[in-house]
Amino acid sequence: MIKPNPFTPQSGWEPKIFGGREDQVQHFLKTMEEAATSRSNHMVIIGQWGIGKTSLLKQFKKITQEQGYLASFCPISQIKERSSSTAAVNLIMQEIHNGFPKAVKETKSAKQKLQPQVLFTQFLLELWPQLDTRLAVVLLDDVQNLASVSVVIDLLRAVLSKEEVITQTRYLFVLASTTDGWESFINKHDPVGRFFRRREMIGNLTPEETHAVIISTLQDTGVSFDQAIIKEIYHYTQGHPYELQLLASHLFAAQLQGKVTMNEWLPAFKTTLRELGKDYFQSLFERASDREKEVLLVLAEAKAALPQSEIRRIMIVEKHAKNFPVANIKNFLYRLHDKGLVKRQDNGNFQILDPIFGEYVKSNI
Ligand SMILES: Nc1ncnc2c1ncn2[C@@H]1O[C@H](COP(=O)(O)OP(=O)(O)OP(=O)(O)O)[C@@H](O)[C@H]1O
Ligand SMILES: [Mg+2]
């Protein structure tokens, strides 16, 4: 019998097999032990859409509890424009409170009209003895949603730096944010960057990690993928966790007698591309201006990373782009890079984000 589809192509769904991230887990273990025995160096996890921030925080929660400490996982939802910082602090307090697996009483401070910073300090001080643990880990996911009240992140920093919080409690905060979101906090409140110095950038899985995730996820399901399929999954997704889960899930659904071969590739790939287009690529692509899109197409059609001079040559010689402002290609490339549509290699060459996105670009210009 074929088992249900084991892939988890959904934002926030924990993968059946959690691949890679060994450095991050090691750093977290070390930070946790330091926090339990001496002092807390609060952390931040930074990465793009679908790269596995939520899954990593959930992994940290499990590790924390395995060690016998308590953890609260707190998803931060989008805050309305013009909300006050008190409203944002209340939301965070509520999430922290609900996230602990203990019946804790509502803290007195919540009922008083206090300045948000005083309120949050009181909350942490009152909550601590009730938790009855050696360490309490607070995992705040999607803090970029606090962008419209960014001062709250600075407030969090100020509260966690307070003498009484440091001496009377043992909390370890781990924040997760999108790359752009975190940059905007640092730009607006520079002490934030200095305070959350333990920064973990997460990126794509390596070829070996991708391979291992696919093989282990398929174990005991009654379905196997040909080696060629696994190679293609890596080639197109470059190990992007969400993309690989989605593609593998459609391929799994296409099995014939428990086997997935290159015969099943194309329909599954097209469905994946359509879904990624709707969910994500469309909004990414629309960040590019019309001129930038022309440059992007050159990169989408290229098999490898290209130097600027080659992009320029293709524009002039192959595309006959007579009216194209070739002198500006450098600017277009840097802007595409800042907007997250292209990658820049160490040698300065440019490459499209990944080949699946390249396919999307080719079919939408
Ligand atoms: N380490 C991993 N190994 C295998 N699959 C993973 C891993 N991390 C995440 N995934 C899968 O990738 C997808 C995205 O994961 P997750 O929701 O954690 O990312 P995110 O960065 O929080 O995304 P979002 O930007 O949507 O909040 C999910 O389908 C998840 O199951
Ligand atoms: Mg997430």
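Numbering-wise, the sequence shown is residues 19 to 383 according to this note's numbering.
Each residue gets a CB set at the ideal place from its N, CA and C atoms; glycine is no exception.
Quick caveat: nothing in here was measured; it's all calculated off a predicted structure.
Okay, do the stretch 82-93 and the stretch 245-260 touch, 3+ Cβ pairs below 8 Å being the bar? no
Count the other CB atoms within 10 Å of the CB of R188; is the residue buried (16 or more) or exposed (fewer)? buried
Would you tell me roughly how many angstroms separate the C-alpha atoms of S58 and E52, rounded to the nearest one? 7 Å
Considering only heavy atoms of ligand 2, does any lie closer than 7 Å to the CB of D297? no
At a cut-off of 7 Å, is Y260 close to ligand 1 when judged by its beta-carbon and the heavy atoms of the ligand? yes
Following a CB-centred definition, is S29 positioned closer than 7 Å to any heavy atom of ligand 2? yes
Extent of the continuous beta strand (DSSP E) to which R217 belongs: 216-219
I want to check one thing, is the minimum distance from the CB of D244 to the heavy atoms of ligand 2 below 7 Å? no
Rounded to whole angstroms, how far is the Cβ of V170 from the Cβ of L142, which I believe are closer than 8 Å? In fact, because the Cβ distance is near 14 Å, the residues do not count as touching under 8 Å.
Suppose contacts are defined by Cβ-Cβ distances below 8 Å. Is L294 in contact with I374 by that definition? yes
So, under 8 Å CB-CB, G358 and G221 are touching, yes? Tell me the CB distance rounded to an integer number of Å. Rounded, the Cβ-Cβ distance is 12 Å, inconsistent with contact.
If we call anything under 8 Å between Cβ atoms a contact, is G37 one with E227? yes
Is it buried or exposed for I370, if we count other Cβ within 10 angstroms and need 16 for buried? buried
What does a CB cutoff of less than 6 Å around E32 pick up in its chain, not counting 5 residues either side in sequence? S73, K76
DSSP beta-bridge partners of L223: L223 pairs with nothing; no bridge assigned.
Let me check you understand the geometry: is the CB of T72 closer than 7 Å to at least one non-hydrogen atom of ligand 2? yes
What would DSSP say about L93, mapped onto helix, strand or coil? One point to set straight first is that residue 93 is Pro, not Leu, in the sequence displayed. Reduced to three states, the DSSP call for P93 is strand.
To the nearest angstrom, report how far apart K34 and L284 are at their CA atoms. 25 Å
Residues bridged to Q186 (per DSSP): Answer is none; Q186 lacks a bridge partner.
Does the beta-carbon of D41, which I'm using as the reference point, lie nearer than 7 Å to any heavy atom of ligand 1? no
When you compare only the Cα positions, how much space is there between A176 and D308? 44 Å
Here's a check: name, in chain order, each residue in its chain whose Cβ is nearer than 8 Å to the Cβ of I232, leaving out the five neighbours to either side. F243, I248, I251, L262, A266
In chain order, which beta strand (DSSP E) runs of at least 3 residues are fully inside the stretch 51-104? 61-64, 88-93
So, with DSSP's three-state summary, where would you put F25? coil
Express the C-alpha separation of L264 and A271 in angstroms, rounding to a whole number. 11 Å
For A106, which residues from the same chain have a beta carbon less than 7 Å from its beta carbon, with the 5 sequence-adjacent residues on both sides left out? I97, L164, V167, V170
Can you have a look at E113 and say buried or exposed, based on whether 16 or more other CB atoms are within 10 angstroms of its CB? buried
Secondary structure at D159, three-state DSSP: helix, strand or coil? strand
What residues in its chain sit with their C-beta under 7 Å from that of G70, if we drop five residues either side in the sequence? I220, P259
Exposure of Q28, with buried meaning 16 or more beta-carbon neighbours within 10 Å: exposed
Is Q44 near ligand 1, judged by its Cβ being under 7 Å from some heavy atom? no
Spatial distance of E181 from G30 (CA atoms): 35 Å
Looking at S195: is its Cβ nearer than 8 Å to the Cβ of Q162? yes
Flag G38 as yes when its Cβ comes closer than 7 Å to any non-hydrogen atom of ligand 1, and as no otherwise. yes
Which parts of the stretch 241-289 are runs of the alpha helix (DSSP H), unbroken and 4 residues or longer, counting only runs that do not cross its ends? 245-255, 259-271
Does DSSP put K370 in a helix, a strand or coil? The residue you asked about is not Lys; residue 370 is Ile in the sequence shown. Of the three classes helix, strand and coil, the one that applies to I370 here is strand, per DSSP.
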